[in-house]
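Report on one structure; see the data block that follows.
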């Protein structure tokens, strides 16, 4: 009778341990299969880095263009044309705005802030899927915890029936579970944020592409080229009207040359940004598609098997015996 | 009289076309004709350009604000992930504190 009770006790314990092992492994498998796939991570990385690079380029170009146009507008002071005379008469050159022209900082702050927002979004996406750093932080924290547990006096640990080997086992389980959990959290975040942000990002990138299109009227590139064209034409006409005046030529020639330089350089300055913004529209659409319809690649399967195997081994080492 | 939005965009369209025509112009006479038209618009170009840039800037501001709100959700999630590691590290500190006290008690 006593022998049967002991046998039952062992059987129930075995079932209980097996149940706990199976439950933990099932949890890990579930979490691992819900993590960020390789295709998604690739799409996020590609979009994140291209968005950040585009945003930096846009901000630098807006600043450079604003400087160029400020110089063009200040040069208009010395181009003797009827238009300038009319503006002087109207007192337009008495304000800061007259120096900056249309690119006065407060007139383009929506553009610069939007570029900053695009850069921040790209950086945040890249940081979110930076599993290496985040998992290393998590691993270091678990190591610290297991170290702290081991520093509990040996007598206390013995009284509680805990061995240092068990503490190591718990650490392994925590790391495996934690990494799978973090990956699941990343996927959840991407699935919540990307579909909501994607239409906004698409419109914003299209708007930047349109703003830098040298062939379009009434955009940023056009206003830059318009200012250069206006100065080049005004200086050229003034030079033609006073061919013998060397003093006038000495002043107007550099202004004409500067305006011509910017007029010729403008399209090569804006075209790469227009192309990059067009690419941003495409990579944003690819990212949204990857998040909406994840395809599990062979790399994902290999990574998943490795993760599940590590988790299973860790669980077995701790409670499976 | 203040320039309207429509007038500003119309002036922008016209100067844009004049610039494109100037690029294609072959003779000095054609260049001069184009410049003569630019001269007529010149008093209004700066004001029109400012209105156009201000008007279009509002679209950027609106989308930029909407994107910033989404980025905040990402930042919150990243902070949440960091909190998990921080929570464990904090637990380690608590245990270390307890161990220090237990050690002191054991010596008594």
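Residue numbers (the working numbering), protein chains in the order written: chain H, 9 to 329; chain B, 68 to 175. We put the CB at the ideal spot given by N, CA and C, even for glycine.
Report back the beta-carbon spacing between residue 120 of chain H and residue 70 of chain H to the nearest angstrom; my notes put them in contact at under 8 Å. In this structure residue 120 of chain H is in contact with residue 70 of chain H, their Cβ atoms being roughly 6 Å apart against a cut-off of 8 Å.
Rounding to the nearest angstrom, what Cα-Cα distance links residue 240 of chain H and residue 219 of chain H in this structure? Near 23 Å, if we compare the C-alpha coordinates of residue 219 of chain H and residue 240 of chain H.
What does residue 134 of chain B reach in chain H if we use C-beta pairs closer than 7 Å? 125, 126, 129, 205, 208, 209, 212, listed in chain order.
Residues of chain B with CB closer than 9 Å to the CB of residue 140 of chain H, please, in chain order. What residue 140 of chain H touches in chain B: nothing, since even the nearest Cβ is about 13 Å away.
Among the residues of its own chain, which have a CB less than 7 Å from the CB of residue 88 of chain B, if the five just before and after it don't count? Only 101 meet the Cβ criterion.
If you follow the alpha helix (DSSP H) that residue 253 of chain H is in, where does it begin and where does it stop? First-last for residue 253 of chain H: undefined, no H or E at that position.
Comparing the C-beta of residue 74 of chain B with each C-beta of chain H, is any distance below 9 Å? No Cβ of chain H is located within less than 9 Å of the beta carbon of residue 74 of chain B.
Rounded C-alpha distance that separates residue 329 of chain H from residue 303 of chain H: With a pLDDT of only 46 at residue 329 of chain H, under the threshold of 50, the placement of this residue in the model should not be trusted; the figure read from the coordinates follows. Cα-Cα distance, rounded: 37 Å.
Within 9 Å (strictly less), CB to CB, does residue 97 of chain B reach chain H? No - not a single Cβ of chain H is within 9 Å of the one on residue 97 of chain B.
Where residue 66 of chain H and residue 144 of chain B are concerned, what is the direct C-alpha to C-alpha distance, given to the nearest angstrom? Rounded to whole angstroms, residue 66 of chain H to residue 144 of chain B spans 27 Å at the Cα level.
Determine, using beta carbons only, whether residue 105 of chain B comes closer than 9 Å to chain H. Yes - at least one Cβ of chain H is within 9 Å of the one on residue 105 of chain B.
Could you tell me whether the Cβ of residue 279 of chain H comes closer than 9 Å to any Cβ of chain B? The beta-carbon of residue 279 of chain H is placed no less than 9 Å from the nearest beta-carbon of chain B.
Among B/93, B/122, B/77, B/81, which residue has its Cα nearest to the Cα of residue 111 of chain H? Among B/93, B/122, B/77, B/81, the Cα nearest to that of residue 111 of chain H belongs to B/122.
Using beta carbons (cut-off 9 Å, strictly below), is residue 94 of chain B in contact with chain H? It does not: the Cβ of residue 94 of chain B has no partner Cβ on chain H nearer than 9 Å.
Secondary structure at residue 303 of chain H, three-state DSSP: helix, strand or coil? DSSP places residue 303 of chain H in the coil class of the three-state scheme, outside both helix and strand.
Which word fits residue 269 of chain H, buried or exposed, when buried means at least 16 other C-beta atoms lie within 10 angstroms of its C-beta? Classified as exposed, residue 269 of chain H has fewer than 16 neighbouring CB atoms from the shown chains inside 10 Å of its CB.
Chain B contacts from the region 231-252 of chain H (Cβ-Cβ distance under 8 Å): In summary, the residues of the region 231-252 of chain H whose CB is separated from some CB of chain B by less than 8 Å are 231, 233, 234, 235, 237, 238, 241, 242, 244, 245, in the order they occur in the chain.
Alpha-carbon spacing of residue 78 of chain H relative to residue 267 of chain H, whole angstroms: CA-to-CA, the gap between residue 78 of chain H and residue 267 of chain H works out to about 12 Å.
Taking the runs of the alpha helix (DSSP H) that are 4 residues or longer, which of them lie wholly in the region 146-200 of chain H? Every alpha helix (DSSP H) of 4 residues or more that sits fully in the region 146-200 of chain H is shown, in chain order, as 162-167.
Partner residues on chain H for residue 117 of chain B, Cβ-Cβ distance less than 8 Å: Simply 105, 109, 110, 112, 115.
Decide if residue 197 of chain H is buried, meaning its Cβ has at least 16 other Cβ atoms within 10 Å, or exposed. Classification of residue 197 of chain H: buried, given that the 10 Å Cβ count is 16 or more.
Apart from the five residues just before and just after residue 150 of chain H, which ones in its own chain have a Cβ nearer than 6 Å to its Cβ? Only 179, 182, 183 meet the Cβ criterion.
Please state whether DSSP places residue 239 of chain H in a helix, a strand or coil. Shown here, residue 239 of chain H sits in a helix according to DSSP, grouped into three states.
What residues from the region 144-156 of chain B come within 9 Å of chain H, judged by C-beta to C-beta, listed N to C? Within the region 144-156 of chain B, those residues whose Cβ lies closer than 9 Å to any Cβ of chain H are, in chain order, 144, 145, 147, 148, 149, 151, 152, 153, 154, 155, 156.
Is residue 131 of chain B near the ligand ATP - that is, is its Cβ less than 8 Å away from at least one heavy atom of it? Ligands displayed in this structure: none; no statement on the ligand ATP is therefore possible.
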